[in-house]
Every structure is written in structure tokens, then in C-alpha cells.
Amino acid sequence: MNEIRYDPLSGHRVLIAEGRADRPRDFDISHSVDSNLDCPFCAGNENQTPDEVLRANTPDTADGWAVRIVRNKFPALSLPSAPRHRKEDLALDRLSDASGSNANPTVRGEGLHEVIIESPEHHIRTTELGVTQLTTVLHTTANRLEQIRGLSEFQSVQIFKNDGPVAGATIAHTHSQLIALPMITPSLSRELTAMALHREQTQHCLLCEMQENEIRVGKRIVAENVAFTAFCAFAGRQPGETWIVPKTHQPDFSATPFDDCRLLAEILDQVLRQLDVALTVPAYNSMIHSAPLEGDFADHYHWRMVILPRITTQAGFEWGSGCFITPIAPERIANAMRHGVTEAIRANIQMTSRAS
Ligand SMILES: [Zn+2]
Ligand SMILES: [Zn+2]
Numbered sequence: 034m035n036e037i038r039y040d041p042l043s044g045h046r047v048l049i050a051e052g053r054a055d056r057p058r059d060f061d062i063s064h065s066v067d068s069n070l071d072c073p074f075c076a077g078n079e080n081q082t083p084d085e086v087l088r089a090n091t092p093d094t095a096d097g098w099a100v101r102i103v104r105n106k107f108p109a110l111s112l113p114s115a116p117r118h119r120k121e122d123l124a125l126d127r128l129s130d131a132s133g134s135n136a137n138p139t140v141r142g143e144g145l146h147e148v149i150i151e152s153p154e155h156h157i158r159t160t161e162l163g164v165t166q167l168t169t170v171l172h173t174t175a176n177r178l179e180q181i182r183g184l185s186e187f188q189s190v191q192i193f194k195n196d197g198p199v200a201g202a203t204i205a206h207t208h209s210q211l212i213a214l215p216m217i218t219p220s221l222s223r224e225l226t227a228m229a230l231h232r233e234q235t236q237h238c239l240l241c242e243m244q245e246n247e248i249r250v251g252k253r254i255v256a257e258n259v260a261f262t263a264f265c266a267f268a269g270r271q272p273g274e275t276w277i278v279p280k281t282h283q284p285d286f287s288a289t290p291f292d293d294c295r296l297l298a299e300i301l302d303q304v305l306r307q308l309d310v311a312l313t314v315p316a317y318n319s320m321i322h323s324a325p326l327e328g329d330f331a332d333h334y335h336w337r338m339v340i341l342p343r344i345t346t347q348a349g350f351e352w353g354s355g356c357f358i359t360p361i362a363p364e365r366i367a368n369a370m371r372h373g374v375t376e377a378i379r380a381n382i383q384m385t386s387r388a389s
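Using the numbering used here, you'd call the opening residue of the sequence shown number 34 and step up by one each time.
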């Protein structure tokens, strides 16, 4: 039976339409990546990257580095030309342009766009790093987020990873990125509103409640340890959309202590391996949703990591409506992830797609 699902955090709707699995060309299966021996992110080529803003060493790499964060060579935002305070009003719906019209509200596109180089070696997949290195990656990223909190210009930071060309990656060497913005993003703003309203109405955190429900129901849980729960999202926008949620109510990823970064690395590594089996090594995006840099969100906001395999293609309906269609229910993918089996429907669709 088809279902329309509603995600109370983001407000998006997802149409669960399993019958569509028989349609050809629902899956994009091209995710091959070419390695590059002249890679600017490999050890020895440090002079090919722009300014380094943070570096982490480990006892094993005392002469070199384990993780580097550098400015993006092709940033989406330019560095701020003049200091401004984050409280400066950037509400686009209240801005007007030079002529006094508010038809084309515009603000300066200024912020930070940085690359987190996750290894000195030319590893391509996150799962090649190992848990110790992945712990250093996550802890260094949390430290950088805390540093940016000390800068006055920015209100929110989006941390994300594009793994595979289908997911938007242009350099094979494993890396993630962060963009610090002088505003709160629409997605974060929606979540803040939903979570604040839920707190006001029930005195509870919405994501704490969602997580408790997932543990009680069990059928979408894919991994768990003492600090984190991982489950396929009830209203996942793509087959296998997985959330990793801290068990303790915590608004801000940057406050994650080292030991918890290790537990996060363990469960992230496990989830990515599960997805590799269940969805045949998918390209994916991962995102960290964390509280804004300033303000009191401690009671109602709860950070999480979202892993979004890139399986189906967004087409006219999705772009036009803001709704999503997924041909496989999250419960089926979760079951495949837990049992280490490949989702048969995907294989069927690949064959259909190749034949068409
Ligand atoms: Zn490399
Ligand atoms: Zn919570």
C-alpha cells in the first residue's frame, strides 16, 4: 500500500510507492571514481591547496599530519570583506535593494567554505580510513566548528560530504566540507521552529522522542552503541536515508567529546558498510545538522548526522512539489542493512534499467 509520510522535523512529505520499483530507470547506478596520482590532497602536495586553517597530528604521524582543514580553492562564498556582527539582520524577506524594491532581495555572498582532508593517503571511500582515523576526522571537524563559533560574522555552519560523482564529488581523495553562513539556513530554521513548537506543546525534545520511538518499534534500527542510535528515517527521501542520533540530548555537534567522536566513528563506519552491502556501494551525501552558533537552543534542538544514499533521481514532481517518491520502504532497507544482504529490488531495477 502506498503511503504519504510527513517528517515533523523538516516538514517534507515522502510518498512511499513500492510499486514503482518495477519502473525502469529509477536508479542512477553510475558512481565510478578515477583516482588521481597528482592529487592535491595527498601528503607531499600541501602547497597545491590554499591556506590551511587547522591541522591534526596523531602520535603515529608526528612528522606529518592526520587531518588538514584548508580553504576551498573554488569557494561557494567569498571571505567577508569587512567585519560584521552575526546579529546584523539578514532576513531576506525584509530586505530591499538599492531602488527600495523588495523584488530582488540580495545580501553579500560571504562566508567560509573549507575542505576537511580526511587522510594524508589517497583513500577514496570513508570506510578505508579505519575507526581511529575517522575519529580524528570527526574530532578535528568538531574543533573547527567550535573555532568558528568564536568568529562574530557567522550564524550557522553546514558540514557535509559528497561521496561519489553522483553525489557531487569532484575530487576522489576522501574529504568533507564545511560552509559557514551569515544566516540560519532554511532547513535549520524549519527544524528549529518545529522543535521549539514541540517543546512548547509537550515539554519534550522532538528528536529525543523520535529516537525513543525508533528504539521501541525497532524495525528501522540498523546499529546502536552506548552513545548513538542509527536508524533508517521514517520518511526517508532516498532509499536507505539513515540518521545517526546522539542518545543524550545535545544541541551542538561541536560539544562532542573525543570518546564520543570515537563511538560516532564506529557507528558511522558500520552504517556505511551496511549501506555498501544493502545498496551495492552507493554514492551518498552526509550532513551534520547542528544548532546555530549563537542563541539558546539547549532545550529543544538536538543534533544529528544524516546519510543520504543517492539512489533515485529527483525529477519534475520532486522539484515542483518539494515532495519525494521512494520505491522502497525504509523498513525493508533497514532489514537488509541489519542482515547484511543486498536489496533485491535494487538489483532488479538495475537489470531493468540496463535492458531498457
Ligand atoms: Zn589524494
Ligand atoms: Zn533531544
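Ideal placement from N, C-alpha and C gives every residue a C-beta, glycine not left out.
>> Quick check on the DSSP output: what are the complete beta strand (DSSP E) runs of length 3 or more inside the region 246-274, in order along the chain?
In response: 254-257 and 261-265
>> If you reduce the DSSP assignment to three classes, tell me which class residue 234 lands in.
In response: helix
> Under a three-way DSSP split, which group does residue 98 fall into?
Replying inline: coil
>> Between which residues of its own chain and residue 170 is the CB-CB distance below 6 angstroms, once the five residues before and five after are set aside?
In response: 100 and 151
> Heavy atom of ligand 1 less than 8 angstroms from the Cβ of residue 205, yes or no?
Replying inline: yes
>> Taking 8 angstroms as the cut-off, is the C-beta of residue 221 nearer than that to any heavy atom in ligand 2?
In response: no
> For the region 345-353 against the region 289-308, are there 3 or more C-beta pairs whose distance is under 8 angstroms?
Replying inline: no
> In its own chain, which residues sit with a C-beta less than 7 angstroms from the C-beta of residue 271, not counting the 5 before and 5 after it?
Replying inline: 341, 342, 343, 344, 345 and 359
> Leaving out the 5 sequence neighbours to the left and right, which residues in its chain are closer than 6 angstroms to residue 67 when beta-carbon positions are compared?
Replying inline: Its pLDDT being 47, under 50, residue 67 is placed unreliably by the model, and nothing is read from it.
> If you draw a straight line from the C-alpha of residue 164 to the C-alpha of residue 172, how long is it?
Replying inline: 12 angstroms
>> Between the alpha carbons of residue 113 and residue 369, how many angstroms are there, rounded?
In response: 47 angstroms
> Got a sec: does ligand 1 put a non-hydrogen atom nearer than 8 angstroms to the Cβ of residue 154?
Replying inline: yes
>> Measuring straight from C-alpha to C-alpha, what distance separates residue 301 and residue 80?
In response: 31 angstroms
> When burial is assigned at 16 or more other CB atoms within 10 Å of the CB, is residue 60 buried or exposed?
Replying inline: Reliability fails at residue 60, whose pLDDT of 31 lies under 50, so the model's placement of it is uncertain and no value is given.
> Between which two residues does the beta strand (DSSP E) carrying residue 195 extend?
Replying inline: 189-196
>> So, at 7 angstroms on beta carbons, what are the nonlocal neighbours of residue 166 in its own chain, with the 5 sequence-adjacent residues on each side left out?
In response: 99 and 152
> When you compare each of 195, 374, 89 and 238 to residue 176 by their alpha carbons, which one comes out closest?
Replying inline: 89
>> Under 7 angstroms, CB to any heavy atom of ligand 2. Which residues pass, going along the chain?
In response: 238, 240, 241, 282 and 335
> By DSSP, does residue 276 sit in helix, in strand, or in coil?
Replying inline: strand
>> Can you list, in chain order, the residues of its chain with a C-beta nearer than 8 angstroms to that of residue 196? Leave out the 5 residues immediately preceding and following it.
In response: 158, 159, 202, 207, 316, 317, 318 and 319
> Alpha carbon to alpha carbon, how far is residue 127 from residue 254?
Replying inline: Its pLDDT being 47, under 50, residue 127 is placed unreliably in this model, and the value from its coordinates should be taken loosely. Straight-line Cα distance between these residues: approximately 43 angstroms.
>> Out of 338, 193 and 325, which one is the CA nearest neighbour of residue 1?
In response: The first residue shown for the chain is 34 and the last is 389, placing residue 1 beyond what the model contains.
> Looking only at C-alpha atoms, which of 110, 72, 111 and 371 sits nearest to residue 251?
Replying inline: 371
> If you run the structure through DSSP and keep just helix, strand and coil, what is residue 240?
Replying inline: helix
> Between the region 304-314 and the region 176-190, are three or more C-beta pairs nearer than 8 angstroms?
Replying inline: no
>> Quick check: the Cα distance between residue 243 and residue 84, rounded to an integer number of angstroms?
In response: 41 angstroms
> Should residue 75 be counted as a contact of ligand 1 given a C-beta to heavy atom distance under 8 angstroms?
Replying inline: yes
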